[in-house]
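**Student:**
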Amino acid sequence: MNIWDSLIITPFINVLLFIYNLIGQNFGIAIILFTLLIRLVTHPLMVKQIKGAQGMQDLQKNEKWIKTQEKYKGDKEKLAQEQMALYKELGINPFSSCLPTLIQLPIIFGLYQAVIYAMATTPIDLLNLVRHIYPGLLKVETLIPLNNRFLWMDLSQPERLNIPGLEFGIPVMVVIVVLTTYIQGKLVQPPSTNAKDQTAAMSGMMNLYMPIFMGYLAYTLASGLALYFVASNLVGIAQYAMLGKVNWANVFPFLKKKEEKAAKGKTKLLKAK
Amino acid sequence: MNKRKFNLISIVILAAVLLTACSSGLSGSSWPGITTNGDTFYVANMAQVYAIRATDGSQVWRFPEKPTRTMYFAAPVLVENQLIVGDYQKTLQSLNPATGSVNWTFVAKGPWIASPLVVDSTIFAPNGDGNLYALDLSGNQLWKFTAEKALWSRPVGNGDTIYQASMDHNIYALDMTSGSVKWTKNLGGAVIYSPTLSDDGMLYVATMARELIALSTKNGEILWQRKFEESLWSQPALHEDTLFFGDLGGKAYGINRLNGKDIWVQSLTDPVTGEPTVTEDSVIFATENGTLAALSFTGERKWTETVTGKLYNGPVQFEDKLLVGVALGESPLVLKTNSGQNIWSFIAPK
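So the protein lines, in turn, are chains A and B.
So the number in the numbering used here is just where the residue sits in the first sequence, counting from 1, plus 1.
So the number in the numbering used here is just where the residue sits in the second sequence, counting from 1, plus 135.
1) Near Leu403 (chain B), what residues of its chain come up, given a Cβ to Cβ distance below 8 Å and the 5 sequence neighbours on each side ignored?
2) Using 8 Å as the threshold, is the segment 287 to 306 of chain B in touch with the segment 327 to 346 of chain B, meaning 3 or more CB pairs across them?
3) Spatial neighbours of Asp310 (chain B) within its chain, please: CB distance less than 7 Å, with the 5 preceding and 5 following residues excluded, ordered by chain position.
4) With DSSP run on the structure shown, which of helix, strand or coil describes Glu440 (chain B)?
5) First and last residue of the beta strand (DSSP E) that includes Met337 (chain B)?
6) Excluding the five sequence neighbours on either side, which residues of its own chain have a C-beta within less than 8 Å of the C-beta of Thr221 (chain A), listed in chain order?
7) Spell out a yes or no on whether the segment 239 to 255 of chain B and the segment 187 to 196 of chain B are touching, meaning 3 or more CB-CB pairs, one atom from each, closer than 8 Å.
8) Thinking C-beta only, is Glu410 (chain B) closer than 7 Å to Ala372 (chain B)?
9) The alpha helix (DSSP H) that contains Ala242 (chain A), what's its start and end?
10) Going along the chain, which residues of its own chain have a beta-carbon closer than 6 Å to the beta-carbon of Phe379 (chain B), five neighbours each way excluded?
11) What separation, rounded to the nearest whole angstrom, lies between the Cα atoms of Gly186 (chain A) and Thr408 (chain B)?
12) Any Cβ of chain B within less than 7 Å of the Cβ of Val189 (chain A)?
13) Using the beta-carbon of each residue, which ones in chain A are nearer than 8 Å to Lys284 (chain B)?
14) Is the segment 139 to 156 of chain A close to the segment 315 to 334 of chain B, with three or more CB pairs under 8 Å?
15) Would you mind sorting Tyr135 (chain A) into buried or exposed? The rule is 16 or more other CB atoms within 10 Å of its CB.
16) Ordered along the chain, which non-local residues of its own chain (more than five positions away) have a Cβ less than 8 Å from that of Asn477 (chain B)?
17) When you compare the CB of Val141 (chain A) with every CB in chain B, is at least one pair closer than 7 Å?
18) How would you list, in chain order, the residues of chain B whose beta-carbon sits under 9 Å from the beta-carbon of Val131 (chain A)?
19) Which full runs of the alpha helix (DSSP H) of 4+ residues lie inside the segment 3 to 40 of chain A, going along the chain?
20) Could you check the C-alpha separation between Gln452 (chain B) and Pro107 (chain A) for me, to the nearest Å?
21) Taking the runs of the alpha helix (DSSP H) that are 4 residues or longer, which of them lie wholly in the segment 381 to 427 of chain B?
22) Measure the C-alpha to C-alpha separation of Arg161 (chain A) and Ala121 (chain A) and round it to an integer number of angstroms.
23) Val184 (chain B) and Val220 (chain B) look like a contact to me (Cβ under 8 Å); what is the Cβ gap, rounded to whole Å?
24) For Asp76 (chain A) and Gln84 (chain A), what's the separation of their Cα atoms in angstroms?
25) Work out the CA separation of Val16 (chain A) and Val413 (chain B) for me, nearest whole Å.
26) For Pro371 (chain B), list the residues DSSP reports as bridge partners.
27) Rank B:Ser466, B:Val442, B:Gly292 and B:Tyr328 by C-alpha distance to the C-alpha of Asp335 (chain B) and give the top, closest one.
28) Of all the CB atoms in chain A, is at least one closer than 7 Å to the CB of Ile390 (chain B)?
29) What is the DSSP secondary structure of Phe489 (chain B), reduced to helix, strand or coil?
30) Identify whether Val469 (chain B) lies in helix, strand or coil by the three-state DSSP scheme.
31) Roughly how many angstroms separate the alpha carbons of Arg361 (chain B) and Asp416 (chain B), rounded to a whole number?
32) Using 8 Å for Cβ pairs, my map puts Leu272 (chain B) next to Val214 (chain B). What's the rounded Cβ distance?
33) Any idea if Ala156 (chain B) is buried or exposed, counting beta-carbon neighbours within 10 angstroms, 16 or more meaning buried?
34) Taking 7 Å as the cut-off, decide whether the C-beta atoms of Pro32 (chain A) and Tyr229 (chain A) are in contact.
35) In this structure, what does DSSP give as the bridge partners for Tyr177 (chain B)?
36) So which of A:Leu256, A:Val252 and A:Ile177 has the shortest CA-CA distance to Ala219 (chain A)?
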C-alpha cells in the first residue's frame with residue numbers, strides 16, 4: 002500500500018463504511034453524510050480561500066495598486082518588487098486563496114476515490130476493498146455485500162429511471178447533477194462591474210463546461226458518484242450561503258431587477274434630500 | 136486561441152483524465168477464464184473471448200472482433216458444440232466454438248461473474264442480479280431461483296440437486312428440475328468462490344468471514360467450520376482426504392477434510408488465490424503476485440515459477456501440460472510443461 006492509500010484512501014474508506022454501518026447499512030445516506038462530514042472538516046480552509054480571494058479582488062480596486070500597475074508597466078521585475086511591497090504593506094498573502102484549495106484538492110480526490118473503492122462491483126474490486134478495511138474497526142463478514150440500493154438506484158451502476166411504457170430509462174441523476182453544478186457555479190460567481198473582466202469571462206465559461214463534464218461523468222459512471230456530486234454541490238451551496246457569498250440574482254434574474262429598482266430608489270431619495 | 140481559454144480547457148481535460156482514470160465504475164481488470172476441447176483453448180479475458188490453437192498458441196478467432204465496453208469474468212463453458220459465456224454487461228451468449236458466431240443470447244439484469252454449470256441439457260447460470268437461471272440449450276428460461284443478493288459463485292451439482300452459494304451468506308440446495316428450495320444454510324459470510332463437492336456428499340466452502348466450512352449435502356448440517364487469521368480468497372481443491380487451499384497471508388494449507396485439522400502448512404509468502412490445481416503427483420498453488428508453486432501432496436516444495444502479471448486462479452490441466460491464465464500481464468494465456476517451463480505465450484494479434 003502506498004502513502005496516498007495509507008494516509009487518505011484507507012482512512013476515508015473506513016470512515017465511509019463506519020458511517021454506513023452506523024446508520025443501518027444504507028450506502029446512499031452514508032455517501033451523503035460522508036460528503037457532509039468532509040465538507041465540514043475542510044470548511045475552515047474554504048473560509049480562508051474565500052477571504053483570500055476577496056482580499057485579492059479588493060486589491061484590484063486599490064488606488065495604490067492601480068497606480069503601481071500603470072507606473073511599472075514596462076518593467077516586470079520592478080513591478081513584481083513593488084507588488085510584493087504592497088502585499089506586505091496591506092497585509093495580504095497572495096497565496097492565501099490558492100493554498101487552501103491545494104490542501105482541499107487531495108481530500109476531495111480522496112473522498113471521490115473512497116466512494117469508488119467502497120462500491121466494489123467486481124471480485125478484484127472487492128478484494129481491494131477488503132484489504133483497505135481496518136479489521137479492528139469493521140467486520141468484513143457483516144459489511145459484505147454492501148447494500149448498494151438507494152431509492153430507485155443501484156449505486157454501483159449508472160442510473161436510469163425506468164418508467165412503465167417507456168423503452169428507455171431516464172437518467173434523472175444526470176439532470177440533477179447538471180442542474181446543481183450549474184446553479185452552484187452561478188451562485189458563487191461574484192458580480193462583475195467591468196465588461197472586459199477576463200476572470201468573469203473565464204468563470205462564465207467554467208459554468209458552461211463544468212455542468213456538461215459532470216453530467217457526462219454522472220451518465221457513464223456508477224450512480225453512487227452521481228449522488229456524491231449532487232450532495233457535494235448542495236453542501237457547497239449551503240456553505241457559500243452561510244458565508245453570505247451567494248448571488249441569488251445570478252440564478253433568479255427577477256431579484257436583480259428588484260435590487261436595481263431598490264438602488265435607483267435610494268439614489269432618487271438621496272438626490273431629493 | 137486565447138491563452139485563458141486554453142488554460143481553462145486544459146484544466147477541464149486534466150480533471151476529466153484524473154476523474155475517469157480512477158473511476159471507470161468497472162475494475163481495470165478481469166481475469167482470464169479458460170476452457171478447452173483438446174484442440175482449441177477458449178479464453179475469456181478483459182473485453183474479448185479468444186479461440187486459440189493448442190498446438191502453437193495462434194488465434195483462431197476472437198469475439199467480438201473489436202473490444203467493447205464490457206468485460207469477461209466468467210470462464211466459458213463448452214457443451215454440445217456451444218461455447219457459453221456471460222459478460223459483465225448482463226448478456227449470456229452461446230457462440231459457435233468453430234467460428235465464434237453467435238447462436239443465441241440471454242439477457243439478465245446483472246453482470247455474469249461466475250461460469251454456468253451444465254448438467255445434461257440444462258444450463259444453470261448464476262447472475263449478479265441474484266438469480267440462478269436454468270436455461271435449455273437454446274437459451275430458453277426453464278425456471279429461475281432468486282437469492283437475496285448477487286451470485287458470484289459457480290454452482291455445483293449432485294444427482295438431482297444443485298448447490299448455489301451466494302453473496303447473501305447463504306448456500307441453497309435446489310431441485311434441478313423445478314428450482315424449488317430443498318434447504319438453506321447461513322454460512323455467516325459472503326461466498327465468492329465455488330464450493331467443492333466430494334463424492335460422498337460433502338460440501339467445502341470458503342467464506343468472506345475467513346472460515347472454511349464443511350457441510351452435508353443432505354440437509355446442510357455443518358460438520359465442522361474453521362476460522363483462519365487471514366482472508367480466504369480461494370476454493371479448496373480435493374485430493375483423497377486432503378483439502379488444499381491458501382489464504383491472503385501467503386499460507387498454503389493441506390487439511391484433513393473429515394475434521395478440518397492441519398496436515399501441513401507451507402508459507403508461500405505471496406497471497407494465495409483461486410483453486411489450486413491437483414495433478415498426478417502435486418498440487419499447484421497460484422499467488423496474486425504471479426507465482427506458481429508446486430507442492431507435493433505432503434506439502435514439500437517441488438518447484439516455483441513466476442509469470443509477469445497476477446494470478447487469481449490455479450492453472451488448468453491439459454494433457455500433461457498447464458494452462459495459466461494471467462491477469463494484467465504481457466500475455467493472458469501461457470502454456471507450460473508440468474514442471475513450470477514455458478511452451479508458448481498467447482499474444483492477441485492487433
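Positions of the beta carbon are idealized from the N, C-alpha and C atoms, including for glycine.
**Tutor:** Here's the rundown:
1) Gly381, Gly385, Lys386, Ala387, Phe420, Thr422, Thr426 and Ala428
2) yes
3) Asp295, Thr296 and Lys317
4) strand
5) Met337 to Ala341
6) Pro159
7) no
8) yes
9) Ser224 to Met243
10) Ala372, Gly389, Pro411 and Val418
11) 48 Å
12) no
13) Pro146
14) yes
15) exposed
16) Val469, Leu470 and Lys471
17) yes
18) Met343, Ser366, Trp368 and Leu383
19) 11 to 23
20) 47 Å
21) none
22) 20 Å
23) 6 Å
24) 12 Å
25) 42 Å
26) Answer is none; Pro371 (chain B) lacks a bridge partner.
27) B:Gly292
28) no
29) With chain B represented from 136 up to 485, any question about residue 489 (chain B) goes unanswered, as that position is not in the structure.
30) strand
31) 27 Å
32) 7 Å
33) Unreliable positioning characterises Ala156 (chain B) in this predicted model, as indicated by a pLDDT of 44, which lies under 50. A coordinate reading is not provided.
34) Rather than Pro, the amino acid found at residue 32 (chain A) in this sequence is Ile. For Ile32 (chain A) and Tyr229 (chain A), yes; Cβs fall inside 7 Å.
35) B:Thr170 and B:Ala186
36) A:Ile177
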